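The block underneath contains the structure these notes are about, expressed in structure tokens.
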Amino acid sequence: MPTRTVVVGSASGLHARPAALFVAAAAKQPVPVTIRTGEKKAVPARSMLSVLSLGAKKGTEVTLEADGDGAQDAVDTLAALLERDLDAEDG
Amino acid sequence: MADLQGIGVSPGRAAGPVHRLAPPPPLPPAPAVIDIDAERSRARAAVATVTSALSERADAAADATAAEVLRAQVLMAADETLLDAVDTAIDGGADAPHAFVAALAEHRAAFEAAGGYLAERVSDLDDLRDRLVAACLGLPMPGVPSPGHPFILVARDLAPADTAGLDPSVVLGLITAEGGPTSHTAILARTLGIPAVVRCGAVLDIADGVLVSLDGSSGAVAAGLSDASAKSVNDAQRALLDRRSASAGPGATADGHPVALLANIGSARDLPAGVDVEGVGLFRTELLYLDRTEPPSFEEQVAAYQQVFAALPGRKVVVRTLDAGADKPLPFLRLADEPNPALGIRGLRVARATPAVLDTQLSAIAAAAAASTADVWVMAPMVATAAEAAAFAASCRDHGLRTAGVMIEVPAAALRAGTVLRDVDFLSIGTNDLSQYTFAADRMCGDLADLLDPWQPALISLIAACATAGREAGKPVGVCGESAADPDFALVLVGLGITSLSMAARSIPAVREALAAHTHDECVQFAKAALAADTPTAARAAVRP
């Protein structure tokens, strides 16, 4: 099952705008993706409340996981998004 | 027509129909038996109502930050895991309103546990819960109403979440039953330029739709106006604003005695286009540090300061170093919980344990100043002694910052203003905190608003002591508290010998106009009379008999 562990790159952490962008991107993926921090329970990446509740800050390691057709692409796309500093980007 | 009285906190007059902020819905007792399918569809309908209402507000929000908060709330409301948890609670015997409360309580706990930024977002979750519960019960949405025409917003008090994206073209005026002159409502109203009256308890008895007028200077509220008199109030106000917006240039009394009129800002965004400012008298740097787990880097700070300095070429900018403490906690400072944060480790005192944060900030200010033509001054908050002031000034000079001063917020520093001035270049009086510490009255305690009145003779005496010390030393003494925005009080300050007044940029035109209408000698007479008065009322009467 495709899995990627990345470090959150956004200055404000996985909150506010970065979280909204991440959740919106997760909802566009063809397969459900989960996200977790450390050994805590994985939560759906398309759930804004669950993603916020992770409390992931800049530098926190998070693990993405998905299964099914297109899972690898989905995990890679979302991992790349997490690593960027979304606070520093306009639009 | 009924006349009511409150405390005017944001000058200007306005008239319009009353619409009140809807209170959070009361949760009804849980029913013993529920129809599971009916409750499930009720929950879905509530989500649909709330998401569409929030999306509409997000699209209409004038402010980008407010729109972002609302869009995040839409994502939370439409969250499938929320509906799953609600369904589970309904299966367990809860009705839809209680199911929303239970489902959101879990996330609320996670937000609180995460601390920092997320803990501050708890109010967004609570707002969402109130909206979903109200939608289930068929009650009006809590929060600022949108009647579709301009109105006067009436509330018991306003929380920051209520006022995100308050639009001054629709909200003509604010009247609250509680709150005080330094409350969130007052500061927000002045920043947006909305006339406001606080502590007008009887206003809650006025029915929605009744025409009222308010005077944000005198605190007078009149209810039961005719359409014609409401229109004439607004026409007169518009004419006044038009005349003022034409006013420009440096501040001075009628006989040409100069008084610098400066702006209080938190970032370059607070400098509204079209308002002519001579400079910035208070640049609060906290904004950069909020919502952070680590302090902003040197480079990031240089960039932020440069943005402000670049907007004010050749003009004065007074930068206040970080003003944090247990009341405005920042995780990287690792400040212990204090039973009484206002009297604890805050302002310059933070540098006792964590000097590196101030060091980096001074280096960044110096680097940004070196790269701009702005005349950059630096001052420290919460200074109590001359020794603290001298140490701060020495540190500024070590960093290459030429003009170093301190804020006067602690009575101890005001009483020894002459000694404090010996090693610094200027003083800036923060009247909000100086009031709080002189009268031992919490700024946020609306019930003590009478003690926090800037016209209190003891406060005027302390300001006078600082101004006298400045005159003797030949060094400038400014006021950067909200009181400088009161045109009448500004006359007294100038008469006492204050050399600059710093306020929300929108307040400058009214103060400029008041100064231009009086000679310096008249200001001195006002100041003498205010100093001789025994009560705030008598002091006010000295200027406006």
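Chains as they are written, first to last, in full-length UniProt numbering: chain P, 1 to 91; chain Y, 1 to 545.
Glycine included, each C-beta is placed from N, C-alpha and C at the ideal position.
Bear in mind that the values here come from a model prediction, so they are computed numbers and not experimental data.
Of the listed residues the options, nearest to residue i (C-alpha basis)
i, options, result
"Ala281 (chain Y)", "Y:Thr176, Y:Ala394, Y:Ile429, Y:Gly179", "Reading the sequence as shown, one finds Gly at residue 281 (chain Y) and not Ala. Out of Y:Thr176, Y:Ala394, Y:Ile429, Y:Gly179, Y:Ile429 has the C-alpha closest to the C-alpha of Gly281 (chain Y)."
"Ile90 (chain Y)", "Y:Leu125, Y:Ala114, Y:Ser41, Y:Ala105", "Y:Ser41"
"Gly148 (chain Y)", "Y:Lys528, Y:Gly16, Y:Val9, Y:Ala505", "Y:Gly16"
"Ala252 (chain Y)", "Y:Lys528, Y:Ala541, Y:Phe526, Y:Ala516", "Y:Ala516"
"Val492 (chain Y)", "Y:Met503, Y:Ala449, Y:Ala539, Y:Asp453", "Y:Ala539"
"Ala485 (chain Y)", "Y:Pro457, Y:Ser217, Y:Ala366", "Y:Ser217"
"Leu4 (chain Y)", "Y:Leu271, Y:Ile408, Y:Val197, Y:Gly138", "Y:Val197"
"Pro2 (chain P)", "P:Asp85, P:Arg46, P:Ala71", "P:Ala71"
"Ala27 (chain P)", "P:His15, P:Arg17, P:Pro44, P:Asp69", "P:Pro44"
"Ala364 (chain Y)", "Y:Phe526, Y:Glu299, Y:Gly347", "Y:Glu299"
"Leu312 (chain Y)", "Y:Gly279, Y:Ala220, Y:His98", "Y:Gly279"
"Trp377 (chain Y)", "Y:Gln73, Y:Glu178, Y:Met407, Y:Val69", "Y:Met407"
"Ser245 (chain Y)", "Y:Arg506, Y:Leu531, Y:Arg315, Y:Pro457", "Y:Arg506"
"Ala351 (chain Y)", "Y:Tyr437, Y:Ala366, Y:Phe332", "Y:Phe332"
"Ala469 (chain Y)", "Y:Ile265, Y:Ile498, Y:Leu452", "Y:Ile498"
"Leu54 (chain Y)", "Y:Ala78, Y:Ile36, Y:Ala32, Y:Gln307", "Y:Ala78"
"Ala16 (chain P)", "Y:Val18, Y:Arg131, Y:Glu68, Y:Asp35", "Y:Glu68"
Whole-angstrom distance between residue j and residue i, CA atom to CA atom
i, j, result
"Ala394 (chain Y)", "Leu496 (chain Y)", "29 Å"
"Leu362 (chain Y)", "Ala303 (chain Y)", "14 Å"
"Ala19 (chain P)", "Pro145 (chain Y)", "29 Å"
"Asp242 (chain Y)", "Ser461 (chain Y)", "36 Å"
"Ser247 (chain Y)", "Val477 (chain Y)", "25 Å"
"Leu21 (chain P)", "Val6 (chain P)", "17 Å"
"Gly193 (chain Y)", "Thr63 (chain P)", "48 Å"
"Arg44 (chain Y)", "Met503 (chain Y)", "48 Å"
"Asp425 (chain Y)", "Leu358 (chain Y)", "19 Å"
"Val543 (chain Y)", "Glu522 (chain Y)", "9 Å"
"Ile35 (chain P)", "Val50 (chain Y)", "27 Å"
"Val524 (chain Y)", "Glu513 (chain Y)", "17 Å"
"Asp87 (chain Y)", "Asp59 (chain Y)", "30 Å"
"Trp455 (chain Y)", "Ala464 (chain Y)", "12 Å"
"Val210 (chain Y)", "Ala223 (chain Y)", "7 Å"
"Glu413 (chain Y)", "Arg190 (chain Y)", "One detail in the question is off: residue 413 (chain Y) reads as Ala in this sequence, not Glu. Cα-Cα distance, rounded: 28 Å."
"Asp423 (chain Y)", "Leu335 (chain Y)", "29 Å"
"Asp85 (chain P)", "Leu27 (chain Y)", "41 Å"
"Gly92 (chain Y)", "Leu104 (chain Y)", "16 Å"
Neighbour-count burial assignment, residue i, 16 or more Cβ in a 10 Å radius
i, result
"Glu294 (chain Y)", "exposed"
"Asn340 (chain Y)", "exposed"
"Ala56 (chain P)", "buried"
"Glu472 (chain Y)", "exposed"
"Ile508 (chain Y)", "buried"
"Ser297 (chain Y)", "exposed"
"Met141 (chain Y)", "buried"
"Thr285 (chain Y)", "buried"
"Arg443 (chain Y)", "buried"
"Ser10 (chain Y)", "buried"
"Lys40 (chain P)", "exposed"
"Glu106 (chain Y)", "exposed"
"Glu482 (chain Y)", "buried"
"Leu343 (chain Y)", "exposed"
"Pro25 (chain Y)", "buried"
"Gly474 (chain Y)", "exposed"
Counterpart residues of residue i in DSSP-defined beta bridges
i, result
"Met407 (chain Y)", "Y:Ser428"
"Thr37 (chain P)", "P:Val62"
"Ile90 (chain Y)", "In DSSP, Ile90 (chain Y) forms no bridge with anything."
"Asn264 (chain Y)", "Y:Leu282"
"His19 (chain Y)", "Y:Leu153"
"Gly251 (chain Y)", "In DSSP, Gly251 (chain Y) forms no bridge with anything."
"Trp377 (chain Y)", "Y:Val318, Y:Thr403"
"Ala223 (chain Y)", "Y:Ala2, Y:Val212"
"Gly8 (chain Y)", "Y:Val197"
"Ala14 (chain Y)", "Y:Leu214"
"Val479 (chain Y)", "Y:Ile429, Y:Leu501"
"Gly143 (chain Y)", "Y:Ala22"
"Thr3 (chain P)", "P:Glu65"
Residue i: CB within 7 Å of a non-hydrogen atom of the ligand PLP
i, result
"Phe332 (chain Y)", "For the ligand PLP, the structure offers nothing, since it holds no ligand at all."
Close beta carbons around residue i, own chain, < 7 Å, minus the five adjacent residues each side
i, result
"Pro168 (chain Y)", "Leu192, Gly193, Ile194"
"Ala449 (chain Y)", "Ile7, Gly180, Pro181, Arg199"
"Ser500 (chain Y)", "Val259, Ala260, Leu262, Gly281, Pro476, Gly478"
"His518 (chain Y)", "Thr253, Ala254, Leu491"
"Ala102 (chain Y)", "Ala89, Ala94"
Same chain, Cβ closer than 8 Å to residue i, neighbours up to 5 away in sequence not counted
i, result
"Phe111 (chain Y)", "Leu118, Ala119, Arg121, Val122, Leu125"
"Leu81 (chain P)", "Leu21, Phe22, Ala25"
Chain A contact residues for residue i, given Cβ-Cβ distances below 7 Å
i, result
"Leu82 (chain Y)", "Absent from the structure: chain A. Protein chains present are P and Y."
Spatial neighbours of residue i in its chain, beta-carbon cut-off 6 Å, leaving aside the 5 residues before and after
i, result
"Glu39 (chain Y)", "Ile90, Asp95, Ala96"
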